[in-house]
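Q: Final position of the sequence shown in the numbering used here is 151; the numbers increase by one with none missing. We treat Cβ as the ideally placed atom computed from N, Cα and C, and that holds for glycine. Could you have a look at this structure, given as C-alpha cells, before my questions?
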Amino acid sequence: MNKVFGILLVGLTAVLFNSHSIASISVEKAIQKRIEMFKSSKANIKKLKRLIRSGNTSEAVPLADFHVAWSKEMPMLFPLGSEASTSNGSDASSDIWDNPIDFKNAIKQYKLKSKELRKSLISADSVSINETFQSFTGTCKGCHKQFRN
Ligand code: HEC
3 MNKVFGILLV GLTAVLFNSH SIASISVEKA IQKRIEMFKS SKANIKKLKR LIRSGNTSEA
63 VPLADFHVAW SKEMPMLFPL GSEASTSNGS DASSDIWDNP IDFKNAIKQY KLKSKELRKS
123 LISADSVSIN ETFQSFTGTC KGCHKQFRN
C-alpha cells in the first residue's frame, strides 16, 4: 500500500473511532458532564474576576484557556434526547434542538469571545480586558436567555 494512503487511512480510522465514541456517550452521561462543566465554568469566572481586579493577568490566561477548550467540547454534550425532562435534572431548553443553527451560533460567539479575552489578557491592556470580559460574560447570559429553561 502507498505509504501516504496508509497514514491517511490510520488517521481516518482514528477520527471515525473517536467520533463514534463521542456519539455513543449516553444521554445521562452527557447531561451529567455538561452540568459539571458549567459549574466549573462559573467557579472559573469568579477566579477570573478576582485575578483581573488584582491585575494578575498572566495568571488569568489559563483560566481563559478553559473556556476556549470548553466551547469546542460543548456541542458534543448536547445529544438528541437530552433536553430537560422531569426526571433528568437538566435545564436545557428544547429550543436547542428546534433551532440548532442559533444554538451553534451561540457557542461560536462564546468561543470567539473566549479567544478575545485570552488575547487581551496576554496584552495586559486593562481597558481591553474589561471590555472583552464584559462581552465574554455576555455570551453566557445570551445563551442562557434563549436556551436554558
Ligand atoms: C451556547 C449556550 C451556552 C453558553 C455559551 C453558556 N451556557 Fe451555561 N448553560 C447552558 C445550558 C443549555 C444550560 C443547562 C444545561 C443542563 O441543565 O442540561 C446551562 C447551565 C449553566 C449552569 C447551571 C449548571 C447547574 O448547576 O445545573 C451554569 C452555572 C452555567 N450554565 C454557567 C455558564 C457560564 C458561566 C457561561 C459562560 C462562561 C455559560 N454558562 C455559557 C448554555 C450555555
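So, using beta-carbon positions, are serine 137 and isoleucine 131 closer together than 9 angstroms?
A: It is not a contact, given that the beta carbons lie outside the stated cut-off.
Q: Using only the alpha-carbon positions, how far apart do tyrosine 112 and arginine 36 sit?
A: Looking at the two C-alpha atoms, the distance is approximately 15 angstroms.
Q: Can you check the region 72 to 112 for any alpha helix (DSSP H) of at least 4 residues that lies completely inside it and give the ranges in chain order?
A: As far as the region 72 to 112 is concerned, its whole alpha helix (DSSP H) runs of at least 4 residues are 97 to 100.
Q: Taking the continuous alpha helix (DSSP H) assigned at serine 128, which residues delimit it?
A: Run containing serine 128: 128 to 149, per the alpha helix (DSSP H) assignment.
Q: Would you say lysine 155 and phenylalanine 135 are within 9 angstroms of each other, going by their C-beta atoms?
A: One cannot answer for residue 155 here, as it falls past the ends of the chain, which runs 3 to 151.
Q: Does the distance between the C-beta of serine 73 and the nearest non-hydrogen atom of ligand 1 fall short of 8 angstroms?
A: For ligand 1, at least one heavy atom lies less than 8 angstroms from the Cβ of serine 73.
Q: Judging by CA-CA distance, which residue of Gly144, Cys145, Val129 is the nearest neighbour of arginine 55?
A: Taking only the C-alpha atoms, the option nearest arginine 55 is Val129.
Q: Quick check: is any heavy atom of ligand 1 less than 8 angstroms from the C-beta of glycine 57?
A: Not so, every heavy atom of ligand 1 lies at least 8 angstroms from the Cβ.
Q: Does DSSP put serine 28 in a helix, a strand or coil?
A: Reduced to three states, the DSSP call for serine 28 is coil.
Q: Leaving out five residues before and five after valine 29 in sequence, what residues of the same chain have Cβ atoms less than 7 angstroms from its Cβ?
A: The residues are Pro81, Gly83, Ser84.
Q: On a CA-only basis, which of Ser96, Asp127, Asp104, Gly140 is nearest glycine 57? Give me that one, please.
A: Among Ser96, Asp127, Asp104, Gly140, the Cα nearest to that of glycine 57 is on Asp127.
Q: Give a yes or no on whether the C-beta atoms belonging to arginine 150 and serine 95 are separated by under 9 angstroms.
A: Yes.
Q: Looking at the structure shown, is serine 60 part of a helix, part of a strand, or coil, going by DSSP?
A: Serine 60: helix per DSSP, three-state reduction.
Q: Report the CB separation of leucine 53 from alanine 62 in whole angstroms; it is logged as a contact under 8 angstroms.
A: Leucine 53 to alanine 62, Cβ: 4 angstroms. Contact.
Q: Suppose the cutoff is 8 angstroms on Cβ atoms and the five residues either side in sequence are ignored; what does the same chain contact list for glycine 91 look like?
A: Result list for glycine 91: Ile33, Ile37, in chain order.
Q: Measure the C-alpha to C-alpha separation of tryptophan 72 and alanine 86 and round it to an integer number of angstroms.
A: Their backbone Cα atoms lie some 21 angstroms apart in a straight line.
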